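As structure tokens, the structure follows; a few thoughts come after it.
Protein chains in written order, with this note's numbering: chain B, 310 to 705; chain P, 2 to 324.
As structure tokens, this is what we get:
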């Protein structure tokens, strides 16, 4: 059970997060968070947070390594688009969000339960490979089911975040356009952010509480030693299946939200790299912990943006003038075609990694470094920091 | 599917048997899978590392070959020899470099992980895969790099089937490599490797240099991956090495699973059968109902099917579970 301090800190943090859209009108609040691109970034974090909570339940808590998360995210997205998109050339029923969003969780959960029995038989690494196969089979299906997905490399539009009671013209709550809420001018991006933050809070509460139920404890028992769990009366088959179902539901909802958030998705989105990204998120965050999953998501999604800002700032320093920093930066960053450098800010010209590629390399490097030096991830670091302050001035 | 051409389908004319064409092209694809799978299994057995970066090893290895043969033009710039001989020397040089790469990667990224559980180590190789693929993709640039192999797109007509010269070369090389690996496992070092695979600590207690065994295993794995990558980047399959060369290894994973993660023989048999199954599907299952690219997922369907019946592969050893 959380302590009073923890509750207060959590409430404070939540209020801060909810106030981010009106950052500019609050003193001492970082102004940039309210800008539209940061609102988008934070929405992205919230959505991937839901997905990360799902894979965390399956891989972190129940110990079943799955590379199939991208498949279930894709499935959720396409369920959402079939039920939510307006009828046209491609399949679409034009139903409201309160129908397509839950279905985007329920149907992947059912599919998860259907493929589950096969997955339950397969253990350890063989499971990782089997779920890897699922991603490739899924990609083939998405590319060929043109009437649902729009086909390879073209994709289709996904339903907007608009809250309707049924199919009426004017949505009751429209998250997809700028407007005024409670006297504040608020942009589309900020509205979507608040909605996603709401979903993330719900998902977090569900995931956190689930870990404390009989089911959650059973997951952990199976992870720690499956035979011992069985001996104690934990029905391994049933609980592994449950883990698959719940994780797929989280993935489906995250996939649906992500597709709608981006607006247009191609079938190639749901590839192995996405699954790897989620595995990386929970490992960097700290496998098996809810706060770790969320910290990992924020870290993995926001870091590329920070790297980009940093390289842009460096190019600015180089252009603006002399000094030690400019000289050092000039060696690292290439700002023109004939300029040598490790990082290349002009796309497609000369040697050197683009900022995107640099981020990929950093991503891979982070996975490795965390696995080698801090297997408990950001959560482990946080625990050490917390214990230091708790024990201060003593070091033990 | 850039420039991926099934030789049997494109070249198969009326008098050539479709079945024979599919089987031959399947076997040739299968030998590539077998080489990749064999390297993977050797690394896994000897060092307890599930190497998700095997695709990157193949791509980087093939890229090094292209670099040595084309950009460096070694040994062509010094010697004027028969192209086949010259190219063989280029490939040998590239193989040595690839082996070094394998050893260095193991030493830097995987040695600190010795003794950790399989999954954590597998994740490290996933990270390695991302890094290597990003860098090599950047170096390859927008167009595939040619292997500059001496055979080009020459083909031989055997009457019932047409076969590319590269495929003949590939069969010979693959058989030679399989025999070499078999001989290696009977040598003193090979026996030491088998002992290490059985129990690292016990092997160490017997005076086996486990670290050296790890390095050798990674060198062998990298060399086999490079050979697979080279033959996967020449005429009937692709025009050169490109980032999608790594996909070849992702299709070799089913071959590994089919044979069982820890069986070298299984890797070869699994590779060949997956290759043949894929080629047969590509040749016969072209009804619109199957959509495009169905042959590409046949390996995975096969893998999922086999895992359902035998959850540890056909030749793999069943894990003994203890409390």
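A virtual CB, placed ideally from N, CA and C, is assigned to each residue, including glycine.
Bear in mind the structure is a predicted one, so any value in this text is a computation, not a measurement.
Bridge pairing for residue 242 of chain P: P:146 [DSSP].
Per DSSP, the continuous alpha helix (DSSP H) segment holding residue 586 of chain B begins and ends at 581-594. Straight-line spacing of the CA atoms in residue 148 of chain P and residue 141 of chain P works out to 12 Å. Contacts between residue 541 of chain B and chain P, judged by CB atoms closer than 9 Å, are missing: the closest CB pair is about 10 Å apart. In this structure residue 593 of chain B does not touch residue 124 of chain P by the C-beta definition: roughly 10 Å separates them, more than the 8 Å allowed.
About 6 Å separates the Cβ atoms of residue 211 of chain P and residue 204 of chain P, confirming a contact at the 8 Å cut-off. With respect to chain P, the C-beta atom of residue 520 of chain B has no partner C-beta closer than 7 Å. Sorting B:400, B:419 and B:622 by C-alpha distance to the C-alpha of residue 456 of chain B places B:400 at the top. Rounded to the nearest angstrom, the gap between the Cα atoms of residue 273 of chain P and residue 226 of chain P is 16 Å. Boundaries of the alpha helix (DSSP H) harbouring residue 407 of chain B: 406-430, taken from the DSSP string. Taking CB atoms only, residue 322 of chain P has a neighbour in chain B less than 7 Å away. Of all residues in the region 442-460 of chain B, only 442, 445, 446, 449, 452 and 453 place a beta-carbon less than 7 Å from a beta-carbon of chain P. Our two residues, residue 383 of chain B and residue 41 of chain P, have alpha carbons roughly 30 Å apart in a direct line. In the three-state reduction of the DSSP assignment, residue 164 of chain P falls in the strand class, which pools E and B. Between residue 416 of chain B and residue 566 of chain B the beta-carbon gap is near 15 Å, outside 8 Å, which marks them as no contact. Of all residues in the region 657-682 of chain B, only 662, 666, 669, 670, 672, 673, 674, 676, 677, 680 and 681 come within less than 7 Å of chain P when Cβ atoms are compared, listed by chain position.
Here the region 258-266 of chain P does not lie against the region 420-428 of chain B, with fewer than 3 beta-carbon pairs under 8 Å apart. With contacts defined by Cβ atoms closer than 7 Å, residue 222 of chain P and residue 104 of chain P do not form a contacting pair. Note that the C-beta distance between residue 372 of chain B and residue 534 of chain B is not below 7 Å.
Secondary structure in the region 96-155 of chain P: the alpha helix (DSSP H) runs of 4 residues or longer, each lying completely within the stretch, are 119-141 in chain order. Around the beta carbon of residue 257 of chain P, a 10 Å sphere encloses 16 or more other beta carbons of the protein chains shown; the residue is thus reported as buried. A distance below 7 Å separates the beta carbons of residue 229 of chain P and residue 36 of chain P. In this structure residue 414 of chain B is in contact with residue 562 of chain B, their Cβ atoms being roughly 4 Å apart against a cut-off of 8 Å.
Listed as beta-bridge partners of residue 518 of chain B by DSSP are no residues whatsoever. Interface residue (Cβ-Cβ distance to chain B less than 7 Å): residue 121 of chain P is classified as such. The Cβ atoms of residue 466 of chain B and residue 573 of chain B lie closer than 7 Å to each other.
At a cut-off of 7 Å between beta carbons, residue 575 of chain B makes no contact with chain P.
Three or more beta-carbon pairs separated by less than 8 Å link the region 20-39 of chain P to the region 245-253 of chain P, which places the two stretches in contact. With its beta carbon less than 7 Å from one in chain B, residue 304 of chain P belongs to the interface.
Secondary structure at residue 333 of chain B: helix, using DSSP grouped into helix, strand and coil.
Neighbours of residue 293 of chain P in chain B, taken as residues whose beta carbon is under 9 Å from its own, are 449, 452, 453 and 461 in chain order.
Its chain contains 152 as the residues whose beta carbon lies nearer than 7 Å to that of residue 170 of chain P, once the 5 sequence neighbours on both sides are disregarded; these appear in chain order. By the neighbour-count criterion, in which 16 or more other beta carbons inside 10 Å mark a residue as buried, residue 507 of chain B falls on the exposed side. Within the model, the alpha-carbon separation for residue 270 of chain P versus residue 363 of chain B is close to 37 Å. Using a CB distance cut-off of 7 Å, residue 431 of chain B counts as an interface residue toward chain P.
Contacts with chain P at 7 Å (Cβ-Cβ) do not include residue 327 of chain B.
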